[in-house]
Amino acid sequence: MDPSNYSHPTTSLSPTAYGTQSESPSPSGGSASDRRIQDHLNRKEYARADALIREKIAKDPGGADGHYLMGVSAYFQGNVGPTISALRKALEIDPRHTDAAICLSVLLNDLGKYDEAKKVFEQANYSVVHRREGVVSGVDQKFAVKHLELGDLYFRYRRYDESIEEYSKAALLNPLHFETRIRRAKAYARKGFVSRALQDLQSLKHEHPEFLPARVHLGLLHYSQGNLIDAELEWEETARRQPNHPEAIAYLSMIRRAREANPNR
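Quick note: the sequence shown uses our numbering, first residue 533, plus one each step.
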């Protein structure tokens, strides 16, 4: 990590992030028929799977799961158009079908249709608004990951306002994923809001003193602003809490070499 370039690696948008290439996600209900369909899909017995899916749709034409599974089957067979049509049909029936929303938005992202993907995702996002405080459900985590990936994508293209917005949504949905707040601080710094970035990292450090990456990145931000003393303090505290911390030791060595080369700093 180069302290002079306060940035972060991004996460690629791919359906494999949700297991949609090796194993089909379980639709709500989990009936014996659904399990048989999934077994056929996992064994690449697509004709048998499609026959069962058509039976499911015929028995329950108002249900979203059948269309969702048809979309999954079409995706496995490489049929992008039918995949999108089936997933859209599932969401038309049930706008809160989170698996369909996530799969469709990821696929649209892979096709470069970023704005459309975001719209699909946000239309379904209200389904996770009401949740128990202090509990991060599996659905919340899925949506948080999606917001995080969108934030990374916006960051990559220097659209920092949108990046900050997506990171904030991810942090709200999954407050236990502290890395999200670090990425948001980086976006603030790149936007020129250094004081806000410092505030974010300071808050994270004080709320979770055991989370050492907050101290490491706070030191990096101080260093990028020429505040060598503050940076050194953060890295020294990191090394005190975790002796032989590789990043802290490397940065402390770097900062001491810089001071030796320029004693006036």
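Glycine included, each C-beta is placed from N, C-alpha and C at the ideal position.
Where does residue i sit, in a helix, a strand or coil, going by DSSP?
i	result
Tyr689	coil
His749	helix
Asp742	The amino acid at residue 742 is misidentified as Asp; the sequence shows Glu. Of the three classes helix, strand and coil, the one that applies to Glu742 here is coil, per DSSP.
Leu492	A query on residue 492 cannot be resolved here, the shown segment of the chain reaching from 533 to 797 and no further.
Gln731	helix
Phe675	helix
Gly683	helix
Pro778	helix
Lys576	coil
Gln757	coil
Gly670	helix
Phe653	helix
Pro795	coil
Report all residues from its chain with a CB closer than 7 Å to the CB of residue i; omit the five preceding and five following residues, and keep chain order.
i	result
Ala719	Phe687, Tyr692, Ser695, Ile696 and Tyr699
Thr770	Leu744, Arg747, Val748, His777 and Ala780
Ala606	Pro614, Thr615 and Ala618
Arg568	Leu584
Leu573	Ser556, Ala581, Val604, Ser605 and Phe608
Lys650	Leu682
Ser560	Summary for Ser560: the model assigns pLDDT 42, below 50, so the residue's position carries little reliability, and this model does not support an answer.
To the nearest whole angstrom, what separates the beta carbons of residue i and residue j, a pair I think is in contact under 8 Å?
i	j	result
Gly751	Tyr783	6 Å
Met602	Ile585	5 Å
Leu733	Leu753	6 Å
Ala622	His599	4 Å
Glu648	Leu639	Going by Cβ atoms, the distance from Glu648 to Leu639 rounds to 10 Å, so no, they are not a contact pair.
Tyr646	Leu705	Their Cβ separation, rounded to whole angstroms, is 20 Å, which puts Tyr646 and Leu705 out of contact at 8 Å.
For residue i, which residues in the same chain have their Cβ closer than 8 Å to its Cβ, ignoring the five residues on either side in sequence?
i	result
Ile787	Tyr755, Leu760, Ala763, Glu764 and Trp767
Leu800	The structure shown has nothing for residue 800, since the chain only spans 533 to 797.
His740	Phe710 and Ala746
Gln774	Leu744 and Ala780
Got a sec? Which residues, its chain only, sit under 6 Å from residue i by beta carbon, not counting five neighbours each side?
i	result
Leu636	Leu619 and Val652
Given 8 Å, three or more beta-carbon pairs between the stretch 581–597 and the stretch 613–627 = Between the stretch 581–597 and the stretch 613–627 there are three or more C-beta pairs closer than 8 Å, enough to call the two in contact.
query = Are the stretch 611–618 and the stretch 563–580 touching, with three or more C-beta to C-beta distances below 8 Å?
reply = no
request  = Please go through the stretch 581–650 and give each complete alpha helix (DSSP H) segment of 4 or more residues, from N-terminal end onward.
outcome  = Within the stretch 581–650, the complete alpha helix (DSSP H) runs of at least 4 residues are 597–608, 612–625 and 630–642.
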